[in-house]
Amino acid sequence: MQDWPKLYDAIVGGDDKTAARITEQAIDAGEDPSALITGTMAPAMAEVGRLFEIEEYFVPELLLAGRAMKAGLELLRPLLAASGAEPTGRVVIGTVKGDLHDIGKNLVASMMEGAGLEVIDLGVDVPAETFVAAIRERQPQIVGMSALLTVTMPAIKATIDALVAAGVRDGVKIMIGGAPVSEEYAREVGADAYGENAAVAATIAKRLCDEARAA
Ligand code: B1M
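Okay, structure coming up:
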């Protein structure tokens, strides 16, 4: 894997045009999309988070960096999502109520598509009742919930409770993830699986779908 310092700088600097241009160069150079994300793009977002924590960056810089990251990911998405096979399972995924972060969730969705699953993306700030309605309509094997804020983690528990109350919990496997979420928290709230990152989430989702089909 090559180092792509200009892409790193473009994301940290919130320059979406340069981020897209360098991503295109990386694709043309045959760079592995997953390596580009884990080696360059995700560390750039971590640096943006650090600068926000030490109050060198504020919300406008987060927004610009998010836009630059998305500009690169948009170009990588078709490469990540191309599996060429018929879907072997269905996933409904969304960022929970109150939370607007979607970069990680989108990455998870792309990697799941790349693992041969059909993904129905409910977007961000998704109320529990929207998850319930999507389960009834689309009959997924897996429901994925993402949360990036400690204050929105309880929305995961509230959504699971709503699934139980609506009588749709037992027919699906629930996977949760996002920076503040942990394996322990997943157990605590009654989720079936925790995805530490997009690649792990896609591998687990595929396994759960295969098990559901075999059962
Ligand atoms: Co926000 N933000 N933000 N932000 N933001 C964080 C999360 C924060 C950690 C920054 C910091 O303080 N260092 C902090 C949260 C602190 C906390 O609660 N612990 C924070 C804050 C405070 C806020 C606001 C409250 C700021 C404000 O307004 N004062 C506000 C909240 C808005 C809201 O949601 N209601 C806010 C807003 C925003 C923007 C909208 C400006 C922007 C998001 C743009 C977007 O997503 N479209 C933004 C950004 C960009 C960030 C940081 C810098 C980057 C997030 C990101 O995209 N990371 C972030 C700092 C950080 O993460 N270090 C931060 C890259 C991405 C690939 O990683 O999302 O972790 P991640 O996803 C990973 C894994 O977590 C996992 O796989 C992904 C890929 O490997 N994963 C799953 C994620 N979902 C999964 C689901 C799964 C499985 C795995 O299964 C279903």
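The opening residue of the sequence shown carries number -13 in our numbering; numbering runs sequentially from there.
Built from N, CA and C at the ideal position, the CB exists for glycine as well.
Nothing here was measured: the structure is a model prediction, and the numbers come from that model.
Leaving out the 5 sequence neighbours to the left and right, which residues in its chain are closer than 7 Å to R63 when beta-carbon positions are compared?
Translated into the one-based positions of the sequence shown, residue 63 becomes position 77. Shown here for R63: same chain residues with a beta carbon closer than 7 Å to its own, the five before and five after excluded, namely S96 in chain order.
Alpha-carbon spacing of G70 relative to G102, whole angstroms:
Taking the first residue of the sequence shown as 1, we reach residue 70 at position 84. Taking the first residue of the sequence shown as 1, we reach residue 102 at position 116. So the two alpha carbons sit approximately 8 Å from each other.
N- and C-terminal bounds of the alpha helix (DSSP H) containing D107:
Residue mapping note: residue 107 aligns to position 121 of the sequence shown, counting from 1. Element bounds for D107: not the alpha helix (DSSP H) but the beta strand (DSSP E), 104 to 107.
Does the distance between the C-beta of P126 and the nearest non-hydrogen atom of ligand 1 fall short of 7 Å?
In the sequence shown, residue 126 corresponds to position 140, counting from 1. Relative to ligand 1, P126 has its C-beta separated by 7 Å or more from all heavy atoms.
Residue ranges of each beta strand (DSSP E) run of no fewer than 3 residues wholly in the stretch 139 to 186, ordered along the chain?
Considered as a whole, the stretch 139 to 186 harbours 159 to 163, 179 to 181 as its complete beta strand (DSSP E) runs of no fewer than 3 residues, in chain order.
Quick one: using the 10 Å Cβ neighbour count with 16 as the cut-off for buried, is G16 buried or exposed?
Counting from 1 along the sequence shown, the entry for residue 16 is found at position 30. Under the 10 Å beta carbon count, G16 is surrounded by fewer than 16 other beta carbons and is classified as exposed.
Determine whether the beta carbon atoms of L65 and P126 lie at a separation below 8 Å.
For the purposes of this step, residue 65 is taken as residue 79 along the sequence shown, with counting starting at 1. For the purposes of this step, residue 126 is taken as residue 140 along the sequence shown, with counting starting at 1. Their beta carbons are not under 8 Å apart, which means L65 does not touch P126 by this criterion.
Assuming L61 contacts N92 (C-beta within less than 8 Å), just tell me the rounded distance between them.
Here residue 61 refers to the residue found at position 75 of the sequence shown. Here residue 92 refers to the residue found at position 106 of the sequence shown. Rounded, the Cβ-Cβ distance is 13 Å, inconsistent with contact.
Have a look at K3, L49, E123 and flag the residue whose alpha-carbon is nearest the alpha-carbon of V206.
Outside the modelled stretch of the chain, which goes from -13 to 201, sits residue 206, for which no answer is possible.
If you draw a straight line from the alpha carbon of M(-13) to that of I23, how long is it in whole angstroms?
The residue given as residue -13 occupies position 1 in the sequence shown. The residue given as residue 23 occupies position 37 in the sequence shown. Here the model assigns M(-13) a pLDDT of 48, short of 50, so the residue's position is not dependable and the matter cannot be decided.
Going by other Cβ atoms of all chains shown within 10 Å of its Cβ, with 16 needed for buried, is G0 buried or exposed?
Within the sequence shown, the letter at position 14 stands for residue 0. G0 comes out buried.
Residue from Y(-6), I106, T74, E72 whose Cα sits closest to the Cα of G52
Locating residue 52 in the sequence shown gives position 66, where the first residue counts as 1. Among Y(-6), I106, T74, E72, the Cα nearest to that of G52 is on Y(-6).
Inter-residue CB distance, A159 and A179 (contact presumed, cutoff 8 Å)
Translated into the one-based positions of the sequence shown, residue 159 becomes position 173. Translated into the one-based positions of the sequence shown, residue 179 becomes position 193. According to the sequence shown, residue 159 is Lys rather than Ala. K159 to A179, Cβ: 7 Å. Contact.
Could you check whether the Cβ of D88 sits closer than 7 Å to any heavy atom belonging to ligand 3?
With respect to small molecules bound, the structure shown includes ligand 1 and not ligand 3.
Use the C-beta contact count for F117: other C-beta atoms within 10 angstroms, 16 or more gives buried, fewer gives exposed.
Position 131 of the sequence shown, counting from 1, holds the residue named residue 117. F117 comes out buried.
Between which residues of its own chain and A5 is the CB-CB distance below 8 Å, once the five residues before and five after are set aside?
The residue labelled residue 5 in the question sits at position 19 within the sequence shown. Result list for A5: L(-7), A(-4), I(-3), A54, M55, A57, G58, in chain order.
To the nearest angstrom, how far is it from the Cα of G164 to the Cα of A68?
By one-based count along the sequence shown, residue 164 stands at place 178. By one-based count along the sequence shown, residue 68 stands at place 82. Those two C-alpha atoms are separated by around 24 Å.
Within 7 Å: the Cβ of A148 and any heavy atom of ligand 1?
Counting from one through the sequence shown, the residue named residue 148 turns up at place 162. Not one heavy atom of ligand 1 sits closer than 7 Å to the Cβ of A148.
For S20, which of helix, strand or coil comes out of DSSP?
Position 34 of the sequence shown, counted from the first residue, corresponds to residue 20. Secondary structure at S20: helix, using DSSP grouped into helix, strand and coil.
Return the chain-ordered list of same chain residues with a C-beta closer than 7 Å to the C-beta of T9, the five sequence neighbours on each side being excluded.
For this step, residue 9 is matched to residue 23 along the sequence shown. Result list for T9: L(-7), G58, L61, L62, in chain order.
Spatial distance of E182 from L134 (CA atoms):
Taking the first residue of the sequence shown as 1, we reach residue 182 at position 196. Taking the first residue of the sequence shown as 1, we reach residue 134 at position 148. Cα to Cα, the separation comes out at about 12 Å.
At a threshold of 7 Å, does P166 count as lining ligand 1 (C-beta to nearest heavy atom)?
Mapped onto the sequence shown, residue 166 falls at position 180. Correct: P166 has its Cβ closer than 7 Å to ligand 1.
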